[in-house]
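Worksheet: one structure, shown below.
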Amino acid sequence: MEMVKLVGCVGDADNARRMESGAMKVAVQTVKAVKNTNRKSVHGMADNPRGRLLSEAAKLFRDKGYERTTVRDIAAAVGIQSGSIFHHFPSKEAILYAVIEEVIRTNTERLRLAAGNERTATAQLRALIRQELVFIVGDTREAMSVMVQEWRCLS
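In my numbering, the protein residues as written are -11 to 143.
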């Protein structure tokens, strides 16, 4: 109903109902798309030791912030000793960089595929918007949040 008020300021109630109905369709399609994502990944990261480490780091960076998350926190979440992390990454900052790089790589490829499956510009735009919603609420949500909030911690 909030949407009706907001749109009512610039349009009519019928327009608001059309927008609300369209938003519901996109939300349903988004949930279906999230359920159909590749199951060979962990939160959008590869299902291997490095990917699991990045996935856990993304969750911790999102929940605690980059500055307050320690290498020990990440190691504990993955179930390894803190020194073992340095087999994969030289520093905590390198982990943050890898989380951001991986989510950009993964989501860019998903955008290419989504747009490539459509014939018209309008359908491509809708597919891209739908895919962006999947990023925000789907398997890459932790890494997306980290990318938006913690990129400033990179030197």
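Every residue, glycine too, gets a C-beta built ideally from N, C-alpha and C.
field: Range covered by the alpha helix (DSSP H) that runs through residue 51
entry: Here residue 51 is taken as the residue at index 63 of the sequence shown, counted from 1. Following the DSSP letters along the chain, one finds residue 51 inside the alpha helix (DSSP H) bounded by residues 37 to 52.
- prompt: Which two residues bound the contiguous alpha helix (DSSP H) that contains residue 56?
  reply: Walking along the sequence shown from the start, residue 56 turns up at place 68. For residue 56, there is no enclosing alpha helix (DSSP H), since its DSSP letter is neither H nor E.
- request: Given a cut-off of 8 Å, decide if residue 134 and residue 49 are closer than it, judged by their beta-carbon atoms.
  value: Residue mapping note: residue 49 aligns to position 61 of the sequence shown, counting from 1. Residue mapping note: residue 134 aligns to position 146 of the sequence shown, counting from 1. Inclusion of residue 49 and residue 134 in the CB contact set at 8 Å is warranted, their separation being smaller than that value.
- request: With a cut-off of 8 Å on the beta carbons, I'd call residue 59 and residue 73 a contact; round off their distance for me.
  value: In the sequence shown, residue 59 corresponds to position 71, counting from 1. In the sequence shown, residue 73 corresponds to position 85, counting from 1. Their Cβ separation, rounded to whole angstroms, is 6 Å, which keeps residue 59 and residue 73 in contact under 8 Å.
query: Within 10 angstroms of its Cβ, does residue 86 collect 16 or more other Cβ (buried), or is it exposed?
result: Counting from 1 along the sequence shown, the entry for residue 86 is found at position 98. When all chains shown are included, residue 86 counts as buried.
query: Which class does residue 138 belong to by DSSP, given the choice of helix, strand or coil?
result: In the sequence shown, counting from the first residue as 1, residue 138 sits at position 150. Helix.
query: Quick one: is residue 137 buried, meaning 16 or more other Cβ sit within 10 Å of its Cβ, or exposed?
result: As a first step, residue 137 is located in the sequence shown; it is residue number 149 there, counting from the start. Counting the other Cβ atoms within 10 Å of the Cβ of residue 137 gives fewer than 16, which makes it exposed.
query: From the DSSP output, which residues share a beta bridge with residue 132?
result: Translated into the one-based positions of the sequence shown, residue 132 becomes position 144. Paired residue(s): none; residue 132 is not in a bridge.
query: What's the gap between the Cα of residue 103 and the Cα of residue 124?
result: Here residue 103 refers to the residue found at position 115 when the sequence shown is read from its first residue. Here residue 124 refers to the residue found at position 136 when the sequence shown is read from its first residue. Distance from the CA of residue 103 to the CA of residue 124, rounded to the nearest whole angstrom, comes to 18 Å.
Euclidean distance between Cα positions of residue 110 and residue 66: Counting from 1 along the sequence shown, the entry for residue 110 is found at position 122. Counting from 1 along the sequence shown, the entry for residue 66 is found at position 78. Each residue's Cα considered, the two are about 43 Å apart.
query: Residue range of the alpha helix (DSSP H) that residue 123 falls in?
result: Sequence index remark: in the sequence shown, residue 123 carries index 135 (1-based). Boundaries of the alpha helix (DSSP H) harbouring residue 123: 109 to 125, taken from the DSSP string.
query: Can you check whether the CB of residue 42 is closer than 8 Å to the CB of residue 81?
result: On the sequence shown, position 93 is the one that residue 81 refers to. On the sequence shown, position 54 is the one that residue 42 refers to. Not closer than 8 Å, so no.
task: Compare the Cα-Cα distances from residue 130 to each of 36, 52, 37 and report the closest residue.
output: The count along the sequence shown starts at 1 and reaches residue 130 at position 142. That would be 52, whose Cα lies nearest to the Cα of residue 130.
field: For residue 97 and residue 79, the rounded distance between their alpha carbons
entry: On the sequence shown, residue 79 is found 91 positions in, with the first residue counted as 1. On the sequence shown, residue 97 is found 109 positions in, with the first residue counted as 1. Distance from the CA of residue 79 to the CA of residue 97, rounded to the nearest whole angstrom, comes to 27 Å.
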